[in-house]
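Its first residue numbered 1, the sequence shown is counted upward by one per residue in UniProt numbering. Here is the structure we will look at, set down as structure tokens.
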Amino acid sequence: WCSDSGASYFLKLLSVPGFGLQIQCYQCEEFQLNNDCSSPEFIVNCTVNVQDMCQKEVMEKSFGIMYRKSCASSAACLIASAGYQSFCSPGKVNSVCISCCNTPLCNGPRPKKRGNSGVKLRAHMITTVLLLKLSLLFFYH
Numbered sequence: 001w002c003s004d005s006g007a008s009y010f011l012k013l014l015s016v017p018g019f020g021l022q023i024q025c026y027q028c029e030e031f032q033l034n035n036d037c038s039s040p041e042f043i044v045n046c047t048v049n050v051q052d053m054c055q056k057e058v059m060e061k062s063f064g065i066m067y068r069k070s071c072a073s074s075a076a077c078l079i080a081s082a083g084y085q086s087f088c089s090p091g092k093v094n095s096v097c098i099s100c101c102n103t104p105l106c107n108g109p110r111p112k113k114r115g116n117s118g119v120k121l122r123a124h125m126i127t128t129v130l131l132l133k134l135s136l137l138f139f140y141h
């Protein structure tokens with residue numbers, strides 16, 4: 001059982017900006033061939049307090065690029081993206097890249113000007129913050 005201080009700490013954790021909000025993501029559950037499903041009809045409202053991230057999966061095949069996008073929980077998305085990191089080689093056939101982000105519609109088309117380093121940095125920062133919060137939660141439990 002959690003002590004009162006542990007329970008109140010957990011409630012404070014949920015009140016941190018970014019927690020408890022509903023995010024919108026692009027979603028195409030079946031793979032789309034050469035269509036990154038970033039048009040308005042693919043926008044969905046994610047489940048509040050459960051799906052707090054957008055996920056994007058890009059698979060490069062000899063016949064084209066396949067996309068799958070969805071809402072996801074941060075834990076599930078970060079585990080999936082970490083698990084597929086060794087298969088991610090953009091521009092190469094059979095590359096599979098899974099990315100996670102936590103701002104509205106962030107799994108849409110990539111910005112044309114900037115590189116992708118901001119997304120990777122943000123994902124690593126999110127992972128670090130989540131691990132820190134989890135360790136603090138267990139420490140105060």
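Backbone N, C-alpha and C define an ideal beta-carbon position, used for all residues, glycine too. Every value quoted in this text rests on a predicted model; they were computed, and no experiment measured them.
In the DSSP assignment, A72 is bridged to M53.
Its chain contains R68, S70 as the residues whose beta carbon lies nearer than 8 Å to that of E29, once the 5 sequence neighbours on both sides are disregarded; these appear in chain order. Taken through DSSP and simplified to helix, strand or coil, Q32 comes out as strand. For V96, the enclosing beta strand (DSSP E) covers residues 96-101.
For the pair of segments examined, the stretch 30-49 was found to touch the stretch 101-110: the number of CB pairs separated by less than 8 Å reaches three.
Q85 counts as exposed, since fewer than 16 other beta carbons sit within 10 angstroms of its beta carbon.
A residue is called buried when at least 16 other Cβ atoms come within 10 angstroms of its Cβ; Q55 meets this threshold and is buried. Within the DSSP bridge table, the entry for I79 names no partner.
In the three-state reduction of the DSSP assignment, Q27 falls in the coil class, being assigned neither a helical nor a strand state. In this structure, C97 lies away from V50, with their beta-carbon atoms at least 8 Å apart.
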